Amino acid sequence: MLRFDPFSDLDAMTRGLLSSQTGSSRTPRFMPMDLYKVGDHYVLTADLPGVDPGSVDVNVDNGTMTLTAHRTARSEETVQWLSNERFFGTYRRQLSLGDGIDSEKISATYENGVLTVTIPLAEKAKSRRIEVSHAGDARSIEPATVDADT
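Quick note, in the UniProt record's numbering, the sequence shown goes up one by one and the last residue is 150.
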């Protein structure tokens, strides 16, 4: 029994068109990541399974943080591929850092296929409590005495 589904053909055609715009079927298309704030710093985690650990690079230049990693393709020419869906090539992602980031103290680790970047807030950007004085605590200002001779 054949089932006619006009949307599956349209979906396949759309995937084909989009894949040529965002990268070929053999090059990375994206670097999925999460970014969240904990206390006085941000944490960025990016999934990079199978990349060469020595190729992972985090660079900060002029307020832009660039994450780069590379997955090497298998070079075995004698392999007969039955399925070849994993991407290889260079992954790259850029993020703009605000003025409130202490870029000198950014740290990164790569473990189990996940890149974790800790991005601390600059001291001037951290929230702080402002003490509010109460009227009863303030010193009173004495009115100036007027000299009767003038």
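Backbone N, C-alpha and C fix where the C-beta goes; we use that ideal spot for every residue, glycine too.
Given the structure is predicted, the values throughout are model-derived calculations rather than measurements.
query: Pairwise C-alpha distance: S107 and S83; result: 37 Å
query: Counterpart residues of Q94 in DSSP-defined beta bridges; result: T66
query: N- and C-terminal bounds of the beta strand (DSSP E) containing M33; result: M33 to V38
query: Whether Y91 touches T68 by CB criterion (9 Å); result: yes
query: Inter-residue spacing [alpha-carbon to alpha-carbon] between G113 and T72; result: 14 Å
query: Terminal residues of the beta strand (DSSP E) in which D102 lies; result: Neither: D102 is in no beta strand (DSSP E) and is coded neither H nor E.
query: Straight-line Cα distance separating G89 from L95; result: 20 Å
query: Cβ contact check for the segment 50-66 and the segment 74-81: 3 or more pairs under 8 Å; result: no
query: S25 versus Y36 - alpha carbon distance; result: Because the pLDDT at S25 is just 49, under 50, the model does not fix this residue reliably, and the point stays unresolved.
query: F30 to R93 span [Cα, whole Å]; result: 8 Å
query: Candidates N62, P120, D47 and E111: closest to V38 by CA position; result: P120
query: A46, enclosing beta strand (DSSP E) - first and last residue; result: H41 to D47
query: Closest residue to K124 among D102, V51 and A135 (Cα-Cα distance); result: D102
query: V56 beta carbon near the ligand COA (any heavy atom closer than 8 Å); result: With respect to the ligand COA, the structure shown offers nothing to examine, as it has no ligands at all.
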